[in-house]
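Beneath this line is the structure, given in structure tokens, with notes to follow.
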Amino acid sequence: MAEPGVGNVWLRYTSSDGFSDNGPQGAAVSGSNELRTDVPHSARMYDYFLGGKDNYEADREAAEKALQEFPAARVTARTNREFMRSATSFLAGEGIRQFLDIGTGIPTEPNLHQVAQRLAPESRVVYVDNDPMVFSHARALLVSVPEGRTSFVLADAAKPADILGAPELLETLDLSRPVAVSLMALLHFVPGDVHDIVRTLMEPLAPGSYLAISHVTTDFDDGATDPSGMARLLQVYIDRGIPVRPRTRAEVERLFDGLELVEPGVEVIHRWRAGDVEFPPGHDKNVSLYGAIGKKV
Numbered sequence: 031m032a033e034p035g036v037g038n039v040w041l042r043y044t045s046s047d048g049f050s051d052n053g054p055q056g057a058a059v060s061g062s063n064e065l066r067t068d069v070p071h072s073a074r075m076y077d078y079f080l081g082g083k084d085n086y087e088a089d090r091e092a093a094e095k096a097l098q099e100f101p102a103a104r105v106t107a108r109t110n111r112e113f114m115r116s117a118t119s120f121l122a123g124e125g126i127r128q129f130l131d132i133g134t135g136i137p138t139e140p141n142l143h144q145v146a147q148r149l150a151p152e153s154r155v156v157y158v159d160n161d162p163m164v165f166s167h168a169r170a171l172l173v174s175v176p177e178g179r180t181s182f183v184l185a186d187a188a189k190p191a192d193i194l195g196a197p198e199l200l201e202t203l204d205l206s207r208p209v210a211v212s213l214m215a216l217l218h219f220v221p222g223d224v225h226d227i228v229r230t231l232m233e234p235l236a237p238g239s240y241l242a243i244s245h246v247t248t249d250f251d252d253g254a255t256d257p258s259g260m261a262r263l264l265q266v267y268i269d270r271g272i273p274v275r276p277r278t279r280a281e282v283e284r285l286f287d288g289l290e291l292v293e294p295g296v297e298v299i300h301r302w303r304a305g306d307v308e309f310p311p312g313h314d315k316n317v318s319l320y321g322a323i324g325k326k327v
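Going from the sequence shown to the numbering used here is simple: count from 1 and add 30.
What follows is the structure, encoded as structure tokens:
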């Protein structure tokens, strides 16, 4: 997750034809904070793991240290992107046409709206992040097909009421109809009561809405004897001032309290609906992310 905003910026984003200035179309986006390039940031480190170029020296240094402690970090990042695609495809197949993607991160194709609109062009997607670099790349997130619509909200995941009340969200999504909330590799970076955050997000949504989560875990670490332990990677983040909290399978399950878990429930993300696919020994440890989808009934 990211730092909020940059400067005192007011831009206006359209829904289906990309980007425009402050004009009669689209939704206003505002924010106020600095873009710090001298300290590492989780979103930019993630971009580095994925082979992106939207990162700085501090991000690269921290990411390389993380790779020393957990050489599979790139595998983890790529597998998380694959889970996002799988989850979005599943939800589109269930008839969902509205998506709220919180903790969007720096755009990496295919973005969520590209996956959804490939299957259902009329899909509407609201992206939310509070990283000023994501904000600066929002144009890439807004190139919707004409039948659908996308918009961007600059907001903090720790303040879900601000997200739900954002004009650009209310102009894009109809909350009286089902919405899929996507929280991919986000909640472990969010301080405070994440259960309350999830409840606040899901409470006003219509029955038939869904929640999709991926979340880091140290369940597969062997403590100090494990030379590639996820716990050591997370310590790299903590040492650089990035709060992070792994959760167990049972703790991730509790994030879905009040929802009906979709089979197979909480699972390591590469095994979620993977069928008879066989994975090499130790692959669960190399991924170390749980994922699940729950339905509001």
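Every residue, glycine too, gets a C-beta built ideally from N, C-alpha and C. Note that the coordinates shown come from a computational prediction; the quantities given were computed from them, not determined experimentally.
Report the rounded CA-to-CA distance for Val25 versus Asp252, giving the unit in angstroms.
The chain is shown from 31 up to 327; residue 25 falls before or after that span and cannot be answered.
Only counting runs of 4 or more residues, tell me where the alpha helix (DSSP H) segments fall wholly within the segment 142-210, in order along the chain.
Complete alpha helix (DSSP H) runs here, min 4: 142-149, 162-166, 168-171, 190-194, 197-202.
Determine the direct distance from the alpha carbon of Ser153 to that of Val145, and round the result to whole angstroms.
So the two alpha carbons sit approximately 10 Å from each other.
Assuming Phe286 is part of the beta strand (DSSP E), what are its boundary residues?
Segment: none, Phe286 is in no beta strand (DSSP E) and carries neither H nor E.
Assess contact between the segment 193-209 and the segment 229-245, defined as three or more Cβ pairs (one per stretch) separated by less than 8 Å. Is contact present?
The segment 193-209 vs the segment 229-245: in contact.
According to DSSP, is Gly125 part of a helix, a strand, or is it coil?
Correct three-state label for Gly125: coil.
Looking at the structure shown, is Val69 part of a helix, part of a strand, or coil, going by DSSP?
The answer is coil: DSSP assigns Val69 none of H, G, I, E or B.
By the three-class DSSP mapping on this structure, what secondary structure does Glu297 have?
Correct three-state label for Glu297: strand.
In three-state terms, what does DSSP make of Val220?
Looking at Val220 - three-state DSSP - the assignment turns out to be coil, as it is neither helix nor strand.
Using 8 Å as the cut-off, can you tell me whether the segment 279-289 makes contact with the segment 303-318, which would need three or more C-beta pairs spanning the two stretches below that distance?
Verdict: no, contact absent.
Would you check if there are 3 or more beta carbon pairs closer than 8 Å linking the segment 293-300 to the segment 107-116?
Judged by Cβ distances under 8 Å, the segment 293-300 makes contact with the segment 107-116, as three or more pairs qualify.
May I ask you to report which of helix, strand or coil DSSP gives Leu130?
Leu130: strand per DSSP, three-state reduction.
Rounded to whole angstroms, what is the Cα-Cα separation between Val228 and Gly295?
Computed Cα separation, rounded: 17 Å.
For Leu263 versus Ala92, is the C-beta distance shorter than 8 Å?
No, the Cβ-Cβ distance between Leu263 and Ala92 is not below 8 Å.
Quick one: grab the DSSP three-state call for Val105.
Note: Val105 maps to helix in three-state DSSP.
Spatial neighbours of Thr247 within its chain, please: CB distance less than 8 Å, with the 5 preceding and 5 following residues excluded, ordered by chain position.
The residues are Met260, Pro276, Arg277, Thr278, Arg279, Val282, Ser318, Leu319, Tyr320.
Can you give the Cα-Cα distance for Leu231 and Ala191, rounded to whole angstroms?
Roughly 8 Å separates the two Cα atoms.
Report the option in Asp77, Ile132, Val327 whose CA atom is closest to the CA atom of Val155.
Measuring from the Cα of Val155, the nearest candidate turns out to be Ile132.
Can you tell me whether Gly81 is buried or exposed? The criterion is at least 16 other CB atoms within 10 Å of its CB, across all chains shown.
So Gly81 ends up on the exposed side.
Let me confirm a value: Gly178 is counted as buried when at least 16 other C-beta atoms fall within 10 Å, else exposed. Which label applies?
That one is buried.
Excluding the 5 residues preceding and the 5 following Phe309 in the sequence, name in chain order all residues of the same chain whose CB lies nearer than 7 Å to its CB.
Correct list, in chain order: His300.
Where Ile323 and Arg270 are concerned, what is the direct C-alpha to C-alpha distance, given to the nearest angstrom?
Computed Cα separation, rounded: 32 Å.
Could you please give me the residues that DSSP links to Met214 through a beta bridge?
According to DSSP, which records beta bridges pairwise, Met214 is partnered with Ser244.
Do you know how far the Cα of Gly305 is from the Cα of Gly61?
Reliability fails at Gly61, whose pLDDT of 41 lies under 50, so the model's placement of it is uncertain and the value that follows must be treated cautiously. The straight-line gap from Cα to Cα measures roughly 44 Å.
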